[in-house]
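Undergrad: Mind having a look at this structure? Questions to follow.
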Amino acid sequence: MIIPYLASQQQLDPLVNQYLTQLRQQGFLGDIASHYADRLSLATDNSVYQQLPQAILFPKEVADIVRLTKLAQRNEFKSLKFTPRGGGTGTNGQSLNSTIIVDLSRHMNQILELNVKEHWVRVQAGVVKDQLNRFLKPHGLFFAPELSTSNRATIGGMVNTDASGQGSLQYGKTSDHVIALRSVLINGDILDTQAISCDNFAENIAQTNLSQTGKQIHQQVEQLCRQHRQQILTQLPQLNRFITGYDLNHVFDAELAQFNLSRILTGSEGSLAFACEAKLNLLPIPQYRTLINIKYRSFDAALRHAPAMVAAKALSVETVDSKVLNLAKQDIIWHSVSDLLKEEDNSPILGLNIVEYAGNNEKYQQQQVAQLCQRLDQEIANQQNDVIGYQVCTDLASVEKIYAMRKKAVGLLGNAKGRAKPIPFVEDTCVPPENLADYIADFRALLDKHNLDYGMFGHVDAGVLHVRPALDLCDPEQVKLFKSISDQVANLTQQYGGLIWGEHGKGVRGEYSRQFFGDELWHVLQQIKTLFDPENRLNPGKICTPLDSDAKLFEVLSPMRADYDRQIPIAIKDQFAGAMNCNGNGLCFNFDVDSAMCPSMKISRNRVFSPKGRAALVREWLRLLAQANVSAEQLDFRKNEIKLTDLVEKLRNRFSKKHQDDFSHEVKAAMDTCLSCKACASQCPIKIDVPDFKAKFLYLYHHRYPRPIKDYVVANVENVAPLMAKAPVFFNAITTNPLVEQVARKYIGMVALPQLSVPSLQKQLVEINYKDRSLEQLEQLPLKQREKMLFIVQDPFTSFYDAKVVADFVRLSKKLGFDPIVLPFKPNGKAQHVKGFLTRFSKTARKQAEALNRIAKLGIPLVGVDAAVVLSYRDEYRQVLGEKRGNFAVLTSQEWLSQVLTSIETRHSENENPHTWYLFPHCTESSLLPNSSKAWQSIFAKFGEKLEVVSVGCCGMAGTFGHETVHEETSKAIYQLSWEKKLQDKDLDHCLVSGYSCRSQVKRMQHQISKHPLQGLLEILN
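Next comes the structure, spelled out in structure tokens:
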């Protein structure tokens, strides 16, 4: 069967189209996106909800927002509505709407001004929190509110949700650090807000540069909040994390001496204005930080013990339950914290309190820590409070590792097994800290009554608990339970003097506002909404509605992602589990250019080109296929191999007018930007393996539409390279011929083709007196002799294009007293998998697996040089072959060296000042083998040499990605993001690059040859 043509289901509204056309004519400088794929990529956040926007605007400056709002004031466009969006990490649909989305994260991400002396900074709304703190660090300052999503949450998003997190008892919320805001009203006026003296308030306002509307808003909100001051102070819960939506409480300072309208805007979720710039208060970075990780026999014990930690004047107390800890143990993150969270006497950790002390008085802090540790020692000795042990971290690296694990808790919960997934909807309840333990006991009883699984963690010092019950919302009965639990938890938090939203904003949960605030204060919120947005055009349905409006707030049972997902048959979901399991946590939006996670997202800043965006597109593609009655068997190449159609028919499909709007083309465009680096498969807490479902999609797509020639070139490289390597000089002369290069670029789509090794590997092996042996000869050898042997499993890239690395590995292993045997080359098939030739890859993998299984019976280690290929034996081979893969194991070179060097006496360098070597790890290797760099460090240390691991992102080559014409500029730009900067100040002779792709990229960009770590070791031995 051929996969059917799938027309995009949602066409652009003519009025929206007209507005976008005129906006371009008005000089809008930013990007305008209206394709179905773009809209789908912003239809979800980290919540259970889904709303398809009408279009997306990406302004480049404040003037762009003025342009779009001024245009929207024209009568013909008065019905259009807008929703501001930042990082899109909300857990309650705060930035979701079926409006025009205005995304300030793509371009408005500049740090505008810093005043170190006065401790403030002015930034655009799209600046990411970690980006800001990295910029501030050299100045000894930081922006305090701490979030688990700090590597992708924007300042604008933090302002709009009044975000807070760990350490809020001391550091407060975002609003406590906002000095001033620059916003744009729906009428296009710029609104500057800051503290204004209440003495002669009307006169003070009159002297400002505010527009008439801005002055009226200031005066009327001041009167409104003053008039209802007593009710605000007595009727609202006075909690550290209290969020009304519009901060009625703190709009005045404690003495009523100053009024600051910024407090109304912080927490407003874009329902009042577009927050464009913020002037933020900064704090000195604490010079001394200490964490005490206290381990318990139960989560309840950790909760009940937490108030004592707060009483001990800790900066913060964070609690994590066993569910989160056990999920962390299955994640890449555990490798970094396992030594810091050791289990005592085999007693499992079922609860954890992370207690932090921080400040600039080292002696005083040491006394605090010593007093708490002394108390803990007594409790452990007396078996009190179910404390089973504790560990102290004083170095910054360890502190950051623990918090990285804690920050990943939200995502980790989404990786729970089964159809039911822990989901956010009652995940940030807040009660007075003294009520927390009893409140949680009732909360747990409520969930246990329904036999629900759940994980818990939170900021117990502030009374905030993060709870995510596991539900399968594709089951309509579970949707009813979702609503029932939501209502019951709202009642429970109110009973304990708290709120159902204590940290993550309201979003669709604004439905409960009247229940908590009462009619009078609800009416005040409505009056404020009316002053700013009388026609309900900004993020409608959130926080509250204007006075005398027929509009309604979103309900808890608003349109959900599950409403679409349940249309996909379970068998199809299982085949594309990666795309289905994405919970939108957004870790793939990590701003850090030195993180391997999704380089295509980093360079494009386009959410479509992220794991989350690609997963969203694939889900919709599967839904449309299900509507077209395509079955799971028809999508599975192992069960029903699709017959190739005639090339003429494929070309007809590709160029026919009818097929030009096939939604499959939009999915294909998103997949084409994926580098198949596999960072998402490990660094994403949900393990969203885009290369896996990308290969499946490409396989199916190219049975309707023709493949480009370059795909066939890449897929056949393993068959052609061995033949070309027999005459490398001749073929190199052909591929470097200017005419051939031009033909390759224009007609094949390939550039900068790598050169075959001269001399070839075979000639180099002859030169070093390497003697080959057959398997039959090896079988005759005694087991003792085989213990000092190893098989080198060839890969097509190093063997034919970087052969000296393989030859040097042979030299190195001989020097270490081993007898290396280079196995005859057999195709691995990785390139076939990357390009979606799944039937061919399956056959290639089966043949290679059978061969390696036979060889493995000799008991001689199988070792590969290029980690990316070695890891494909563990990853793609298992995905495609399943149990038929067999039990053979191919080790990376560092894994083998780590094993054998324990039994070898190594000589330390006699040089008193040895060179420092720098390791630039391959992104796939460091993602799938998180300890690989540490292994290289340990190996070099055995020879008395120092190896420093350089933190880098992707090099941009990624196999053949960088050699494809269409990706040439992207590849180079990705290299410049991280690698180029990190190599600038280093001696390339001492820079070790573990990946073949990375060495190829360095050669192309730096015009120098870099060494593999094996070659660095050989140099040391020589």
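According to the working numbering, the residues represented by the sequence shown are 3 to 1024, in order. Don't be surprised by glycine CBs; every beta carbon is placed ideally from N, CA and C. Remember, it's a predicted structure, so these values are computed and weren't measured experimentally.
1) Measuring straight from C-alpha to C-alpha, what distance separates Lys365 and Val371?
2) Is Thr215 closer than 8 Å to Asp191 when the C-beta atoms are compared?
3) Out of Leu549, Gly499 and Phe839, which has the shortest C-alpha to C-alpha gap to Asp521?
4) Are the beta-carbon atoms belonging to Ala573 and Leu475 less than 8 Å from one another?
5) Is it the case that the stretch 460-472 contacts the stretch 167-181, given that we only count it when at least three CB pairs across the two stretches are under 8 Å?
6) Return the residue from the list Val867, Arg775, Ala858 and Leu785 that minimises the CA-CA distance to Asp1033.
7) Within the same chain, show all residues whose beta-carbon is closer than 8 Å to that of Ser911, passing over the 5 residues directly before and after it, in chain order.
8) If you draw a straight line from the alpha carbon of Asn162 to that of Thr268, how long is it in whole angstroms?
9) Note down the Cα distance separating Lys712 from Ala671, rounded to an integer number of angstroms.
10) Taking one C-beta from the stretch 444-451 and one from the stretch 312-324 each time, how about it: are there three or more such pairs within less than 8 Å?
11) Please tell me whether Pro613 and Ile690 are closer than 8 Å, where the distance is taken between their beta carbons.
12) Just to confirm, are Tyr298 and Val428 a CB contact at a threshold of 8 Å?
13) Should Glu78 be labelled buried (16 or more other beta-carbon atoms within 10 Å of its own) or exposed?
14) Give a yes or no on whether the C-beta atoms belonging to Gly831 and Thr967 are separated by under 8 Å.
15) Tell me the rounded alpha-carbon separation between Leu398 and Tyr405.
16) Whole angstroms are fine: how far does the CA of Val745 sit from the CA of Pro710?
17) With a 10 Å radius around its C-beta and 16 neighbouring C-beta atoms as the bar for buried, classify Ile103 as buried or exposed.
18) Please report how far the alpha carbon of Lys698 lies from the alpha carbon of Asn48, in whole angstroms.
19) What are the boundary residues of the alpha helix (DSSP H) that includes Tyr772?
20) Alpha carbon to alpha carbon, what distance is there between Gln766 and Ala809?
21) Taking only three categories from DSSP, how would you classify Asp164?
22) With DSSP as the reference, label Phe1026 as helix, strand or coil.
23) Got a sec, what are the start and stop residues for the beta strand (DSSP E) Ser185 sits in?
24) Among Asn94, Thr176 and Glu320, whose alpha-carbon lies nearest the alpha-carbon of Thr156?
25) If contact is defined by three or more beta carbon pairs under 8 Å, each pair taking one atom from either stretch, is the stretch 24-32 in contact with the stretch 68-82?
26) Which of the three DSSP states, helix, strand or coil, is assigned to Ala723?
27) CA-CA distance, Pro798 and Glu720?
28) Would you give the residue range spanned by the alpha helix (DSSP H) that Asn583 belongs to?
29) Any contact between the stretch 249-262 and the stretch 119-139? By contact I mean 3 or more CB pairs, one from each, below 8 Å.
30) Taking all protein chains shown into account, do 16 or more other C-beta atoms lie within 10 angstroms of the C-beta of Tyr51, making it buried, or fewer, making it exposed?
31) Tell me the DSSP secondary structure of Phe733 in three-state form.
32) By the three-class DSSP mapping on this structure, what secondary structure does Gly997 have?
33) Mind checking whether Pro55 and Ser10 have CB atoms under 8 Å apart?
34) Ends of the beta strand (DSSP E) at Lys461?
35) Skipping 5 residues on each side, what residues in its chain have a beta carbon closer than 6 Å to that of Thr151?
36) Pick out the complete beta strand (DSSP E) segments inside the stretch 272-318, 3 residues or longer, and give them in chain order.
TA: Here's the rundown:
1) 10 Å
2) yes
3) The residue with the shortest Cα to Cα distance from Asp521 is Leu549.
4) no
5) yes
6) Outside the modelled stretch of the chain, which goes from 3 to 1024, sits residue 1033, for which no answer is possible.
7) With a pLDDT of 48 at Ser911, under the threshold of 50, the modelled position of that residue is not reliable, and no figure is offered here.
8) 5 Å
9) Those two C-alpha atoms are separated by around 16 Å.
10) no
11) yes
12) no
13) Flag for Glu78 reads exposed.
14) When the beta-carbon positions are compared, Gly831 and Thr967 stay at least 8 Å from each other.
15) Between Leu398 and Tyr405, the C-alpha separation is close to 11 Å.
16) 14 Å
17) buried
18) 26 Å
19) Segment: none, Tyr772 is in no alpha helix (DSSP H) and carries neither H nor E.
20) 6 Å
21) coil
22) Residue 1026 falls outside the range modelled here, since the chain spans only 3 to 1024, and no answer is possible.
23) Segment Val180 to Val186, the beta strand (DSSP E) holding Ser185.
24) Thr176
25) yes
26) In the structure shown, Ala723 sits in a helix (DSSP, three-state: H, G or I).
27) 6 Å
28) Taken as a continuous stretch (DSSP letters only), the alpha helix (DSSP H) holding Asn583 covers Ala579 to Asn583.
29) No, the stretch 249-262 is not in contact with the stretch 119-139.
30) buried
31) helix
32) coil
33) no
34) Sequence inspection shows His at residue 461; the Lys mentioned does not correspond to that position. Residues Tyr456 to His461.
35) Thr91
36) 276-283 and 290-298
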